[in-house]
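**Q** For the sequence shown, the numbering used here assigns the number -11 to the initial residue and increments by one for each residue that follows. All C-beta atoms, glycine included, are put in the ideal place defined by N, C-alpha and C. My questions all concern the structure below.
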Amino acid sequence: MKKILNFIFLSIAISSFSQDFKPYKVKSGKITYENLKYSTHSGFSIVNGVETSNSKQVPYVAEQVIYYWDEFGDIAFEETYQVSKFGGKPLAEKIKIAERLWIDEHRYYFNIKENKVSDDPYHLRIKCREHFQYYQIKDSWIETLYIGAETSEEKEVLGKKAKYYRIDNYQDIYAWKGLVLKNESFSTRGSNGPRFNIQRAKNAVEIDTISKVSDTLFNPIWLKREKLYNSLDENKIVEIVDARPDLTEQAEINEGLKIQTNDIILFVTSKLTIGKMQVLAIDKNNLLIVKYSLYSYNTIIDWGNPFKMKNNTVVNIDSPHVKNVAVEELDFKWSVTNKAKLFPQNNISVFLLKPSRTKNLKLKPYVRN
-11 MKKILNFIFL SIAISSFSQD FKPYKVKSGK ITYENLKYST HSGFSIVNGV ETSNSKQVPY
49 VAEQVIYYWD EFGDIAFEET YQVSKFGGKP LAEKIKIAER LWIDEHRYYF NIKENKVSDD
109 PYHLRIKCRE HFQYYQIKDS WIETLYIGAE TSEEKEVLGK KAKYYRIDNY QDIYAWKGLV
169 LKNESFSTRG SNGPRFNIQR AKNAVEIDTI SKVSDTLFNP IWLKREKLYN SLDENKIVEI
229 VDARPDLTEQ AEINEGLKIQ TNDIILFVTS KLTIGKMQVL AIDKNNLLIV KYSLYSYNTI
289 IDWGNPFKMK NNTVVNIDSP HVKNVAVEEL DFKWSVTNKA KLFPQNNISV FLLKPSRTKN
349 LKLKPYVRN
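Following this line, the structure appears as structure tokens:
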């Protein structure tokens, strides 16, 4: 009985910590960073007839990062922009390349070019939860995440007195009230060898802890779309296709179905397999790029994502990489003339999920007559 009570108290403590975890000492704000990369510039000189070669690492701003947080760091959002080409030549206009969201024990990453969402563990929160007593004693996520790394002095960064941490031989961190203002990575000769050059650095160039951070940042549309797509299992797709015509637009055999980037498509193949796909991109050459899943007795099958279809291609999605396919097994044709369309083959069913074109990306509840 005593062991059971101890387990209950431990579970309550962990649950409480998960809710109360506050990595920063500032409630909300915004930091603008510059990600520095280094290019090697080599040269030589001749002095008194002696030729000497030399090289130096020259930093350049490769990316701009804008980082927002709220609830003392319980949630955070980040935008990354490319601002220069390799070597440092500035772009005429910065290009957004990625977004990240940290929430609960998730670290979501959105690759804008590939229109792809990945979900990685939020190691900071997980490690601090696993060692929550140590975290409470140290009152520092840095010292908990990097056990053994202790602050040795304070240095001024952006007018703030930042604590300096030598994490290991490869990395230094400067943090103010738990917020990283500078992060430097070094090349070394082994884990205990001497440090050589800085390989990359992330430096804060502006910090704002006064302006209000918009709540909408922490609920990005790409994550809502990903959650909608993932919620569509075999049973849900069958329910929608069979009983929810209000949620779908069915492709006509002759007219096809006009589609666009981010559409979610539901379908039943020539072999009566249930499936779904999301349009990731339609490129300048009219190449259709999708991710898709097929279901067989609630088991997911796919043959490799993303899947690409050239213009005027006819596909058997049950076996998309098989070249010699019987005509009666074909599922749909991808064609772009004046419009981008999917044409069902062999009388199969293809449906646009209409909520995938909305901003809230939610399935309306079924209303009985």
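On the DSSP bridge assignment, give the partners of residue 231 in chain order.
**A** Taking the first residue of the sequence shown as position 1, residue 231 is located at position 243. Its beta-bridge partners do not exist; DSSP assigns none.
**Q** CA-CA distance, residue 324 and residue 45?
**A** Translated into positions along the sequence shown, residue 324 becomes position 336. Translated into positions along the sequence shown, residue 45 becomes position 57. Each residue's Cα considered, the two are about 49 Å apart.
**Q** Ignoring anything shorter than 3 residues or poking outside the segment 91 to 153, list the beta strand (DSSP E) runs there in chain order.
**A** Here the runs fully enclosed are 94 to 99, 104 to 109 and 139 to 145.
**Q** Okay, do the segment 58 to 70 and the segment 219 to 237 touch, 3+ Cβ pairs below 8 Å being the bar?
**A** Contact fails: fewer than three Cβ-Cβ distances are below 8 Å.
**Q** With a Cβ-Cβ cutoff of 8 Å, do residue 107 and residue 94 count as a contact?
**A** The residue given as residue 107 occupies position 119 in the sequence shown. The residue given as residue 94 occupies position 106 in the sequence shown. Yes; because the gap between Cβ atoms is below 8 Å, this pair is in contact.
**Q** Do the segment 291 to 302 and the segment 209 to 217 meet, that is, are 3 or more Cβ pairs less than 8 Å apart?
**A** No: fewer than three Cβ pairs fall under 8 Å.
**Q** Just to check my reading of the structure: residue 146 and residue 195 have Cβ atoms closer than 8 Å, yes? What is that Cβ distance to the nearest angstrom?
**A** If you number the sequence shown from 1, residue 146 lands on position 158. If you number the sequence shown from 1, residue 195 lands on position 207. Yes, they are in contact, since the Cβ atoms of residue 146 and residue 195 sit about 6 Å apart, within 8 Å.
**Q** Can you tell me which of the three DSSP states residue 61 falls into?
**A** Taking the first residue of the sequence shown as 1, we reach residue 61 at position 73. Helix at residue 61.
**Q** So, helix, strand or coil for residue 12, using DSSP?
**A** Taking the first residue of the sequence shown as 1, we reach residue 12 at position 24. In the structure shown, residue 12 sits in coil (DSSP, three-state: anything other than H, G, I, E or B).
**Q** How far does the beta strand (DSSP E) with residue 194 in it extend, from its first residue to its last?
**A** As a working mapping, residue 194 is identified with position 206 in the sequence shown. Where residue 194 is concerned, the enclosing beta strand (DSSP E) stretches over 183 to 196.
**Q** Contact between the segment 174 to 185 and the segment 15 to 24 is defined here as three or more beta-carbon pairs at a separation below 8 Å; is this criterion met?
**A** No, because fewer than three Cβ pairs between the segment 174 to 185 and the segment 15 to 24 fall closer than 8 Å, the two stretches do not touch.
**Q** Terminal residues of the continuous beta strand (DSSP E) containing residue 167?
**A** On the sequence shown, position 179 is the one that residue 167 refers to. Unbroken beta strand (DSSP E) run through residue 167: 167 to 176.
**Q** Answer with buried or exposed for residue 327, where buried requires no fewer than 16 other C-beta atoms within 10 angstroms of its C-beta.
**A** Working through the sequence shown from its first residue, we reach residue 327 at position 339. The residue is exposed, with fewer than 16 neighbouring Cβ atoms inside 10 Å.
**Q** For the beta strand (DSSP E) containing residue 275, list its first residue and its last residue.
**A** Sequence index remark: in the sequence shown, residue 275 carries index 287 (1-based). Segment: none, residue 275 is in no beta strand (DSSP E) and carries neither H nor E.
**Q** What does a CB cutoff of less than 8 Å around residue 142 pick up in its chain, not counting 5 residues either side in sequence?
**A** Here residue 142 refers to the residue found at position 154 of the sequence shown. Excluding positions up to five away in sequence, the list reads 149, 150, 151 and 152.
**Q** Whole angstroms are fine: how far does the CA of residue 84 sit from the CA of residue 266?
**A** Indexing the sequence shown from 1 puts residue 266 at position 278. Indexing the sequence shown from 1 puts residue 84 at position 96. Using only the alpha carbons, I get a separation of about 22 Å.
**Q** Are three or more beta carbon pairs between the segment 334 to 348 and the segment 307 to 322 nearer than 8 Å?
**A** Yes, they touch.
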